[in-house]
Amino acid sequence: MVTVMMIAETVGHRDALRERPADYSAVARRTREELPYAALAAVAKRYRIPLASLASVIGLPERTLARRKKERRLRADESDRLLRVAHVATSAEDVLGAQAKAGRWLQTPNRALGGAIPLDLL
């Protein structure tokens, strides 16, 4: 079962959340305050997802991604989408037993999904 701490670890809770969240509402509250750009980089690194691909999934075009990197902050809506991706990725890691396996699953066409790539469906 995925816990709030597992999701917090995925987004790099020390840098992204600045605290150990007590529950999911604490994570949601921090997300509304906007996550740092480092959270996006942490998820991409953990699951070996190209940063540009992950940015696209959360709705960040290349130029906006560069701007967010410079600002060192994601907007609240982008933070929310990243948190949702992190939740799915953490669930996949929990089920498959390893970060690398979860990352591959997220990026590989899946017969059960009609040949779609799970990451593209988020």
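Count along the sequence shown starting at 1, add 1, and that's the number in my numbering.
Idealized CB from N, CA, C, for every residue including glycine.
If the criterion is Cβ atoms closer than 9 angstroms, does the pair residue i and residue j meet it?
i, j, result
"Arg69", "Leu41", "yes"
"Glu10", "Ala77", "no"
"Val3", "Asp81", "no"
"Ala87", "Leu66", "no"
"Leu55", "Val44", "yes"
"Val12", "Leu83", "yes"
Let me check understanding here. Comparing Cα to Cα, which of the options lies closest to residue i?
i, options, result
"Glu79", "Tyr38, Met2, Ser26, Met6", "Tyr38"
"Ala103", "Lys46, Ser26, Leu75, Ile59", "Lys46"
Spatial neighbours of residue i within its chain, please: CB distance less than 8 angstroms, with the 5 preceding and 5 following residues excluded, ordered by chain position.
i, result
"Leu107", "Tyr48, Ile50, Val89, Ala90, Ala93, Ile118, Pro119, Leu120"
"Arg85", "Leu123"
"Pro110", "Gly116, Ala117, Ile118"
Go ahead and pull the three-state DSSP assignment for residue i.
i, result
"Arg74", "strand"
"Pro51", "coil"
"Ala117", "strand"
Near residue i, what residues of its chain come up, given a Cβ to Cβ distance below 6 angstroms and the 5 sequence neighbours on each side ignored?
i, result
"Arg105", "none"
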